[in-house]
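Working notes for the structure below.
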C-alpha cells in the first residue's frame, strides 16, 4: 500500500500508478494529476517561463496559471494543466518551464467533428446549468448540456453543500443521468465550449479518450469538435477566483482558497498542514472551515475588511480560528515554498510573521464572461461584485447563475444560482416557443449565512519595501509583476489593452483567467481611476487552448481535400502514371515507360510522348474539362453576350473556340462551344474554372438578364473524354468507329459527329489543342474506362499526360488561362485581336477595350522566348531585363516567363512570356536569371510550331 | 459562421454561399455611351458602409439562386433577405 | 445518338464500384449500411413552375413537380427532387433515361424547358441504418433530426468538402454525389464508420 501523505483519511478508489519528473507515485481514480501530486506532497510542479521561479498548483480547473506539464506517455502532448489532466494508470508526465515540446512522431490518434443542433445549449453543468437544462429538457426541448469536467456539478464538486438532503455532487450526478435519459437531450462531458460566434454557432471540444491512457479504443476519435447551432444559449459558466498582488504571491504553497476547498472536498487531499487565509470577501471563510474540518490547522484569517460576514466570523470563533480584520498579507516567505506568512494591519501596528505551509488567497470571484463577450455581448462593471458582468447582446444568449453575478455580494449563493438557472431555462423555452411546464421544482438548499459586502483590493502596497514590486505577481504564467505594470503606466500607457500588449499580461496559455481583472485593478490603482472606467480587454476564442489536430479533425492526410478523379483513373494509376494536381483533380502528368532497367525520367517521357503526338498517334484523358449544357431559345443571344466573339452564327454541327472576359476586359476563361441544336450548345471550360464559369453564367442570367430564356446545366462528369491526337489519329478512329466517315471532307475541322466508338455511343469532336490532326471522343462517363481501354488495346496509341499537353499547346502559342494569364491580361495582349468581335454592339468586357489602359503600347504581350543556348530551360516566373548585368535595385522588369518547356519538335527549349510591348520587341535580345546567371534569350512570336496550321488536317 | 436565410432553402451555414458584393449595381444599359469615368465607377467603385448594407449572395452549394441581403456590417446581423428583382425592404 | 447505353456491348463501370467490398464490410455490424446504387437514371429538368409545361410534365410522368423547397415527390418508379425554384432532378431506374427525356420534352410541347440526361454526372450512395444520421452529422451541417429532415425531404448541401444531394428515406439516406467526388465521399464515409462499426 502506498503512502500518499496528504491524502485525507477514508479516501477510497482504485489506486493508479503514474510517474512525474522521473519519480513513481500513486494516486486514486478520480484524481487529476494536480490532486495526485498534492496528495503526494509535491509542491513545486513547474517553473516559471521568464524568471525560472518554482511554481505549484494554484487552482483546481482550467484557470490554472502555474502547474503546466507535458504528458510523455502514451503519446507526447505539451502544455497541459495538471489541474485538468485526469489521472490514469501509466501516465508519465514532466513539469514544464513555461513551454513544452512538440512530439517528434506523427500522432496516431483519430480526431473528428460533429454538427449538432438544439433548441437550448447550456454551457456548464453546475447548479445553475443543471437547473436551466432540467427546465428546458422536461418541456421537450432539444437540449445540449456541455461541461468541461469529467463529472457534472461545477462548483458543487468543491463544496460540502447539500441539495434535497443529498451531497451536492450526488444531486448533480443523478440529475444529469436523468436528463441524459431523455430522448432529446445530449449531455457532453469533458467538453469545453471554446468559441461563441455569429448566430449562436458554438464550437466545443470533447476529450473522449485522453483519460483512458493506453486503454483508449483504437477506432474512437480522441478529441471531437462539436459544431453546435443553438436557437438559444444559456451560459452557466460560473466564476473563477482571483488572487491579490502581494510580495511572493507565486510561491508554491500559495493557492486560491476555493481551489484548496475543492482539493479537500472533491479529491480528499490536504493541500497543506497549516494555513493562513487571506481574503477580501466571505467565500474564503467557507474554505477555511471546510479545510479545518478536514484537518488543516488554520493559523489565522487575514481579512482586508473591518466587517466580515457575522455568521462566518461566529463559525470561525466556534472553531477557534483567529480572524484578523483590517489586515493584509504583505508577504509570503520561504525557500522554494511557503514557510511563513507576514500579516500586517492596514492601519497602524507592526507586521507579524505566522509559520504556515499554505496560504489561501481570495481576491474575489470573477464571472466567466468569455463566451458572452465573444458572442458580441457588452460587459459592465459591477461595483458590488468587483468584476465585469454580462450586459447587452443581440444574440439569443444569456448568462445564468454566478456567470451573471447573481448574489450581488461577490460570493456565489447556491439558492440564487439554482433559481436563476431555472429562470434562464424558462426564458429559453419561451423564446424557443415551447409550452411552459406546469411546475418547476427547484431543489432545496441549506440556509446560507448572509454575506457581507466584499472589498475590492487588488494590490497590497509595499511602501516599507521602497516600493519594490518585483515579486508582486499579477500574471503568474507570463511572470508579469506589479513592477512591470507600473513601468507601463509610467511610460504613459493609459489603456488596459496597451498595458496588456506592453507587459504581455493575460496573453499566456491561460489567457489571464485569474489575472486579467487583477491586472486591470492594478492599472486602475496606478492611474487613480476606476476599474469600471478603465474597462476590460477583449475576450477572444478559444476559451482554453485547443490542439491543431482537433481542429483539423479528419480533414487531413488523404481526406485533407477532395481528390477528384476521372472514370479512367484506375487505368492511369495501374500504368504507373505520375499525377499532377489541377484544382482538386488528379490528372496524369506523364507516363514513365515501364520495363527493365532504371525508370524513364520526366524529361525523356515527355519528349517521347510529344514525339508520338506529333509524329504518330497519342491519347490523353481530357475528361476534367468543364462542360455546361446551355439550352433555350435565347441561348445564342446569351453566349453572344458572354463571349468576345460571335456564337450565334455557329452552325449546328460545328464548333467554335471562344474567350470570356470580365467586365474589366480581362480574360476570365476560354474553351470551345459546340452547337448541338438551334437552341442548344455545349460549352467547355478550363478544368479549374468549371464551377466558376457555371456560376458566372447563372449570375448574369439571374441578376442581369432574367428575361433570357436560357438554362445552364453542368455535365462535366456526365461525359468522359479521350483526346486522340496525331497524324495517325484518323486511322485509329476509323478502326474504332467503322460507321463514321472520317475523311476530311465528311468530318472537317471544328465539327462534331455522333457515332459509335468501340461499341459505345459517342460524340466525336474534331478539335485540336496541339495543332495536330486530333479528335475528342466523348462518352457517358460510365463507359469512360471501356473507351480508354479500347483506344489503348491495339498498343499503338501512346498515352500522354498534362505535361506533354502543355508542351504541345505552348509550341502552338495556345495560352492556358491562369498560367499564361493572371487576371490582368486582355485577349489583345494574348495576340487574339481576331477573337474580339467588332460587330457585336456589346458583350461583357467590350467597353473596357476602349479604356486608355487597355490600349497602352507598353502592355504586356504574350510572346515566345528562345534561349540562345538551346539547352537552357528558363524557370517559370523568371523576370526579364534589358541588360546583361543587373542594375542597382529596384531592377526594372519587362515581364516574366509564364510557360517553359523542352520541345521535341523544335529540338530545343522555349518559353512563353508576358513582355511589356512584347510584339514590338520580336527579334530583341533580353536576359533572364537562371540560378546565378543572366542568360540571353531572343523574343519571338508566341507561335513557334507550324504557324501556317498545315498539320491540323493530318 | 453566419446562418444565412436563403429565401428558397431557409437558413444555411455561410459556407454554402458565395458573396457577391454590393447589390443593386446594375450593368449599364449602354456601356458604350458611358465616359471612361462613368465606366470606371461601375467597374471599380463600391460602397463600404459601417452599418446596413444591401449585398448579393449566391447559395452556391444549395439551390444556386442569387439573392440580396441587408446586413449590418458592424454586427453581422442580417435584417432582411429578398429575391432578385424584388425591391429592397424597409429595415430599421 | 445511336443506341441506348444499356444496349452497348462495352462494359459500364460505376464511380464507386471499387468500394463495394469495403462498403459491405462496414455494413456487417448491422448499425450502418453503406452501398452504391449504380446507374440510376437522372434527368435534370429546368422549367418555370408556373408554366403549363410544368403541369403537363407532372401529368406525363405521374408525379407533380414538388414546389416546396427541399422536398421530394415520388410515383411509380420515378422520384422528383426539388433542386431549385425552377430546377428538379427526375430519378428513375437504370435504363430509363432516353425514354424519360423524350417524355419530358414531348410534355413540354415546344415551351422552353431544359431537359438534360445527367445519369452519369452523379452516383447514388446509400447511408442507412440506426447510425446513418450520426455518420452524416460528422460532415453535414444540416439539422438531420427526423422532425426537421424526415422522409420526403431532400437538400443540396455539403458533406465534408463535397457537394451532395441528400435525400431522406424511411430507412436512411441517399447521397447523390458527383462522380469525380465519389471516391472521396466513399473514403470519408468509411473513415467515419470506423467509430460505429468497431463498437466505439
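Protein chains in written order, with the working numbering: chain A, 1 to 954; chain B, 1001 to 1092; chain C, 2001 to 2200.
For glycine and all other residues, C-beta sits at the position ideal for the given N, C-alpha and C.
The model shown is predicted, which means the values in this text are computed figures rather than measured ones.
Asked: Straight-line Cα distance separating residue 576 (chain A) from residue 2007 (chain C); Found: Bear in mind that a pLDDT of 49 at residue 2007 (chain C), under 50, signals an unreliable position, so the number given afterwards is only what the model happens to contain. Cα to Cα, the separation comes out at about 33 Å.
Asked: Cβ-based burial, residue 2070 (chain C) [other Cβ within 10 Å; buried from 16]; Found: buried
Asked: Test item: CB-CB of residue 421 (chain A) and residue 236 (chain A) under 8 Å; Found: yes
Asked: Interface flag, residue 2157 (chain C) vs chain D, CB-CB below 8 Å; Found: Going by chain labels, chain D is absent from the structure shown, which instead holds the protein chains A, B and C.
Asked: Exposure of residue 2003 (chain C), with buried meaning 16 or more beta-carbon neighbours within 10 Å; Found: Here residue 2003 (chain C) scores only 41 on pLDDT, less than 50, and its place in the model should not be relied on; the value that follows carries that caveat. Exposed is the call here.
Asked: Neighbour list for residue 1075 (chain B) in chain A, Cβ cutoff strictly below 7 Å; Found: 376, 394
Asked: Inter-stretch contact (C-beta, 8 Å, three-pair minimum) for the segment 108-122 of chain A and the segment 559-575 of chain A; Found: no
Asked: Rounded Cβ spacing between residue 2162 (chain C) and residue 2016 (chain C) (contact assumed at less than 8 Å); Found: Not really, about 13 Å apart at Cβ, beyond 8 Å.
Asked: Residue 1061 (chain B) at chain A interface by Cβ criterion, 8 Å; Found: no
Asked: C-beta atoms of residue 609 (chain A) and residue 802 (chain A) nearer than 8 Å; Found: no
Asked: Inter-residue spacing [alpha-carbon to alpha-carbon] between residue 590 (chain A) and residue 817 (chain A); Found: 21 Å
Asked: Per-residue contacts from residue 706 (chain A) into chain B (C-beta, under 9 Å); Found: 1084, 1085
Asked: Interfacial residues, the segment 530-559 of chain A to chain C, with Cβ spacing under 9 Å; Found: 553, 554, 555, 558, 559
Asked: Beta carbon of residue 242 (chain A) nearer than 8 Å to that of residue 224 (chain A); Found: no
Asked: Proximity to residue 192 (chain A) [Cα-Cα], best of A:404, A:618, A:543; Found: A:543
Asked: Endpoints, alpha helix (DSSP H) assigned at residue 134 (chain A); Found: 127-138
Asked: Beta-bridge partners of residue 279 (chain A), as assigned by DSSP; Found: A:303, A:362
Asked: Where residue 744 (chain A) falls, given that 16 or more other Cβ within 10 Å makes a residue buried; Found: exposed
Asked: Whole-angstrom C-beta distance between residue 211 (chain A) and residue 202 (chain A), which should lie under 8 Å; Found: Not really, about 23 Å apart at Cβ, beyond 8 Å.
Asked: Alpha carbon of residue 672 (chain A) to alpha carbon of residue 639 (chain A), nearest angstrom; Found: 12 Å
Asked: CB contact flag (residue 808 (chain A), residue 613 (chain A), <8 Å); Found: yes
Asked: Contact check, residue 200 (chain A) vs residue 397 (chain A), beta carbons under 8 Å; Found: yes
Asked: Cβ-based contacts, 8 Å cut-off: residues of the segment 1002-1034 of chain B near chain C; Found: 1008, 1009, 1010, 1012, 1013, 1015, 1016
Asked: Residue 67 (chain A) versus residue 2154 (chain C): straight-line alpha-carbon distance, rounded; Found: 52 Å
Asked: Enclosing beta strand (DSSP E) for residue 681 (chain A) [first to last residue]; Found: 680-685
Asked: Residue 2053 (chain C) at chain B interface by Cβ criterion, 8 Å; Found: no
Asked: Beta carbon proximity, residue 1052 (chain B) to chain A, threshold 8 Å; Found: no
Asked: Closer than 7 Å: residue 58 (chain A) CB and nearest the ligand ADP heavy atom; Found: No copy of the ligand ADP occurs in the structure displayed, which carries no ligand at all.
Asked: Delimiting residues of the alpha helix (DSSP H) encompassing residue 899 (chain A); Found: Per DSSP, residue 899 (chain A) belongs to no alpha helix (DSSP H); it is in the beta strand (DSSP E), 895-903.
Asked: Closest by C-alpha distance to residue 8 (chain A), when choosing among A:587, A:263, A:850, A:166; Found: A:263
Asked: Buried or exposed (CB count within 10 angstroms, at least 16 for buried), residue 880 (chain A); Found: buried
Asked: Alpha-carbon to alpha-carbon, residue 865 (chain A) and residue 2001 (chain C); Found: The predicted position of residue 2001 (chain C) is uncertain, since its pLDDT is 42 and thus under 50; no value can be drawn from it.
Asked: As assigned by DSSP and simplified to three states, the class of residue 78 (chain A); Found: strand
Asked: Under the three-state DSSP convention, the category residue 477 (chain A) falls into; Found: coil
Asked: Beta-carbon gap between residue 510 (chain A) and residue 49 (chain A) smaller than 8 Å; Found: no
Asked: Below-8 Å beta-carbon distance, residue 343 (chain A) vs any chain C residue; Found: no
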